[in-house]
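S.K.:
Residue numbers (the UniProt record's numbering): 1 to 103.
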């Protein structure tokens, strides 16, 4: 959730974007509850990996980036999360193969 989405949901986008300083309690609440750009990108990465896994597609960095809308020039925290999430799915695939091969 971000400020733009909140503003659109309540049909007061201009108020949220331009007059938030005049609404200190609202501003405080929003700042405590909205996600950062990095948090949003990490959430999208996780979603993209799940979506690819459901389709039984190979989880590859370029596919995840494209589906999640993640550019190359992202924060280091996002890059680490991307690599970790892909690795989790690849390790999960190997575990599944080993389990199915063991009779």
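We put the beta carbon where it would ideally sit given N, CA and C, even for glycine.
#1: Find the nearest neighbour of residue 60 within the set 72, 38 and 89, judged by alpha-carbon distance.
#2: Below 8 Å between beta carbons: does that hold for residue 38 and residue 77?
#3: Output needed for residue 16: all residues of its chain with C-beta closer than 7 Å, excluding positions within five of it in sequence on either side, in chain order.
#4: Spatial neighbours of residue 58 within its chain, please: C-beta separation below 8 Å, excluding the five flanking residues on both sides.
#5: Do you know whose CA, among 21, 10 and 45, lies nearest residue 74's CA?
#6: Measuring only the C-alpha atoms, how far is residue 68 from residue 22?
M.R.: This is what the structure holds:
#1: 89
#2: yes
#3: 3, 6 and 7
#4: 52
#5: 45
#6: 35 Å
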